[in-house]
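First comes the structure, then the notes that go with it.
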Amino acid sequence: MTQLIDTYGRGHRDMRVSLTDRCNLRCTYCMPHDFAAWLPSKDLLNTDELIEIIEVAVSQGIDEIRLTGGEPMLRPDIVEIVSRISSIKNAPKLSMTTNGLVLAKLAKPLVDAGLRRINISLDTLDRDVFKKMTHRDRIDDVFAGIAAAKEAGLLPVKINTVLLRGVNDGETVSLLKWALAEDLNLRFIEQMPLDAGGIWNRDQLITADDIFSQLSQHYELTPVEYRGSAPAEEFLVNGGPATVGIIGSVSRPFCGACDRIRLTSDGQLRSCLFSMAETDLRSILRSNMSANEKTEALVSKFHSTVKAKLPGHGINDSSFIQPSRPMSAIGG
Ligand code: SAM
Ligand code: SF4
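In structure tokens, the structure reads:
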């Protein structure tokens, strides 16, 4: 039972943990191709520090951890990290969001280490569009990663797709057709104002309604009633059992049911992707406090961060300001 309850009565059970802000792709909606503002290596949490924070989070009721980044698989000790989280007392459910580039090699070791679920990001089925959207010619590696994830039993494999107007928005239906044929659980995510290049433009947004209406011309979509705290609205496709998800973060915010907090790779705790404030946990870990004092201080910071959480992300307010950290440095 979570003890992390905010002033709006929302309990927090899910922590997104960024393992690095580095990446081997340059998705245009995430970071510019010449992006170089990486966090200093000395600021990144080492694996012992990471595990210490996760243990405290779990002691306060976090029962789900999603590893993300940047690209989490760029962390050289990723298999060890998964194994150590899986060995924590009352181990949380463990999942990962990845671009899949090195998954062909790592899927089986990760499952053996305790990984249970995976989301793989893929925005297009077309090699040239992939190159244009990521600045890398590596679509085959993603397909190999998806195959390896299925083979390793990370089922159902979820696919995350961001649609950009005039780039890949003509593929909405073909992506779903492919996902159904491959037994993959596809989820479309509205583009959010979190890119390092500041290219987000509300007028160009492919909205949840746009996606629904494109898909509805080819498939019968029936809403799945229970959503809970899940970001995606799920629809049965042609009566099911296959489903498709649409995450309308901008046009259909789901903040009222949010149960997530976020830990950045440099040890800052955030109550929301769009928070303007962060709580520094790294300085506690690197202080001269005793082990007990550190644990107490971390517990207290978890509670104060959650208590300060705002009711919503505010993207639709005229006063909205994009956070200074991009998605890749917060952890998507
Ligand atoms: N590198 C990994 C990957 O791409 O799956 C994990 C990190 S990435 C930031 C996590 C997810 O955020 C991906 O599915 C990506 O498509 C999505 N994402 C990145 N920037 C976004 C943006 N501006 N709006 C919406 N989703 C975004
Ligand atoms: Fe890298 Fe993921 Fe951002 Fe693409 S979305 S640049 S894969 S962190």
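So in our numbering the end of the sequence shown lands on 368, straight run, no missing numbers. Just so you know, even glycine gets a beta-carbon here, dropped at the ideal spot from N, CA and C.
With contacts defined by Cβ atoms closer than 8 Å, Ala313 and Leu75 do not form a contacting pair. In summary, Gly264 is exposed, with fewer than 16 beta-carbon neighbours lying within 10 Å of its beta-carbon over all protein chains present. Cβ-Cβ distances below 8 Å link Gly233 to Thr64, Met67, Pro68, Phe71 in the same chain, with the five nearest sequence neighbours on each side left out; the list follows chain order.
Here Gln250 is buried: its Cβ has 16 or more other Cβ atoms, across all protein chains shown, within 10 Å. If the five residues before and after Gln240 are omitted, its C-beta is found closer than 7 Å to the C-beta atoms of Arg201, all from its own chain and listed in chain order. In this structure, Ile282 sits away from Ala266, with a CB-CB distance that is not shorter than 8 Å. The three-state secondary structure of Ile225, taken from DSSP, is strand.
For Asp79, same chain residues with a beta-carbon under 8 Å away, outside a window of 5 residues either side, are Asp302, Gly303, Arg318 in chain order. In this structure, DSSP gives Val138 a state outside helix and strand, which the three-state scheme calls coil. Check the Cα spacing between Thr56 and each of Asp173, Met132, Ala215, Arg322: the tightest is with Met132. Put simply, of Val260, Gly47, Ser119 the residue whose alpha carbon is nearest the alpha carbon of Lys129 is Ser119.
Out of Arg172, Asp84, Ile225, the CA that lies nearest to the CA of Lys194 is found in Ile225. Leaving aside the five residues that flank Asn274 on each side, the residues in its chain whose CB is nearer than 8 Å to its CB run, in chain order, Tyr255, Glu256.
The beta carbons of Arg306 and Asp50 sit no closer together than 8 Å. Rounded to whole angstroms, Asp148 and Leu40 show a C-alpha spacing of 31 Å. Residues of the same chain with a CB within less than 7 Å of the CB of Asp231, apart from the 5 flanking positions on each side, are Tyr65, Cys66, Met67, Pro362, Met363 in chain order.
Of all residues, those with a beta-carbon under 6 Å from at least one heavy atom of the ligand SF4 are Cys59, Leu61, Arg62, Cys63, Cys66, Met67, Gly105, Gly106, Glu107, Asn135, Ser157, Ser364, reported in chain order.
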